[in-house]
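As structure tokens, the structure follows; a few thoughts come after it.
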Amino acid sequence: MPEFLDVLTPAHFLLAVCVTALGGFVKGAVGFAMPLIMISGMGIAIAPELVVAGIVIPIVISNGLQVARAGFGAAGEALREHWRYVTVVCVMILISAQFIRFIPSNVLFIVLGVPVVGLCFIQLIGWRPRLSPRMRRPFEWGAGLLSGTLGGLAGTWGPPTVLYLLALETPRDRQMAVQGVIYGLGSVMLLLGHLRSGILNSETWGFSASLVVPALLGMWLGFRLGDRFDQERFRTVTLLVLMVAGVNLIRRGIMG
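Residue 226 in UniProt numbering sits at position 226 of the sequence shown; the count goes up by one each step and never skips.
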């Protein structure tokens, strides 16, 4: 019997598989939100440290596929242009991941829920920061600091990255390549960070690895069916559902 079943009931494992498949489907269809869906969905019933452990390996594999899909030439160009942001994100993921074991469970639910709600709300209202050319470099450092900190603690740095690219007015056809690089390298740092923090250990790595298959099946289905959806409406419904789930995580943190 897998060791993670000692800390996770079969019903909770089935929930994790279904939520991961849904997250993979949304990522394949619209290119975002898998970590947010996994965190908010699994957080309904599963301990927060186990949730964070569970997302790590599926994120690494799925983001690696995203980099390959965008093309390694485009990835290299993106890295040269955005190296400051990428560097800060990666360093901060490694650092902030080390603090997760020192955060009480109820506070961790809030740490997971607040970014989900806040980042989804910002995307729903369509807000984007306006940036003057002279502020680009300070903005890169500051945005990278925020994204990396959220990434290490909550496993998600996608929405802040989208806002960062919008602020720089990155052409839409280049955004996927840039996101692939940032998500890919960041996910490797998340893996290393949580191996170091102890979140990913002999009890939890099997749980995380077992979620790779539903994540990839969901992505495959999303790739095939994504073009059949009204992308903007699907994105809006996804964000609204995530907000509700995020509010529930905050409720769990406050009320227990």
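Glycine is no exception: its CB is placed at the ideal position from the N, C-alpha and C atoms.
THR170 and SER147 look like a contact to me (Cβ under 8 Å); what is the Cβ gap, rounded to whole Å?
Not a contact, Cβ separation roughly 15 Å.
Could you tell me whether the segment 206-213 touches the segment 71-82, where touching means 3 or more Cβ pairs closer than 8 Å?
No, the segment 206-213 is not in contact with the segment 71-82.
Just mark LEU150 as buried or exposed, buried being the case when its beta carbon has 16 or more other beta carbons within 10 Å.
Under this definition LEU150 is a buried residue.
Our contact map puts GLY158 next to SER96 with C-beta atoms below 8 Å; I'd like the distance itself, whole angstroms only.
The pair is not a contact, with the Cβ atoms about 16 Å apart (cut-off 8 Å).
Taking its Cβ as the centre, do 16 or more other Cβ atoms sit within 10 Å of GLU232, making it buried, or is it exposed?
Exposed, by the Cβ-count rule.
Just verifying my parser: in three-state terms, what is the DSSP assignment at ASN248?
Helix, per DSSP.
Threshold first: 4 residues or longer. Then list the alpha helix (DSSP H) segments lying entirely within the segment 122-169, N to C.
The segment 122-169 contains these whole alpha helix (DSSP H) runs: 136-154, 158-167.
Give a yes or no on whether the C-beta atoms belonging to residue 325 and PRO115 are separated by under 8 Å.
Outside the displayed range of the chain (1 to 256) lies residue 325, so it cannot be described from this structure.
Is the number of C-beta pairs between the segment 85-92 and the segment 106-122 that are closer than 8 Å three or more?
No: fewer than three Cβ pairs fall under 8 Å.
For ALA11, count neighbouring C-beta atoms within 10 Å of its own C-beta (all shown protein chains included) and say buried if the count is 16 or more, exposed if not.
That one is exposed.
Taking ALA21 as the reference, which of MET135, GLY218, VAL212, LEU108 has the closest Cα?
ALA21 has its Cα closest to that of GLY218, out of MET135, GLY218, VAL212, LEU108.
Hey, quick one: how far does the alpha helix (DSSP H) through VAL19 stretch, first residue to last?
Where VAL19 is concerned, the enclosing alpha helix (DSSP H) stretches over 10-30.
Buried or exposed for PHE102, going by 16 or more other Cβ atoms inside 10 Å?
Exposed.
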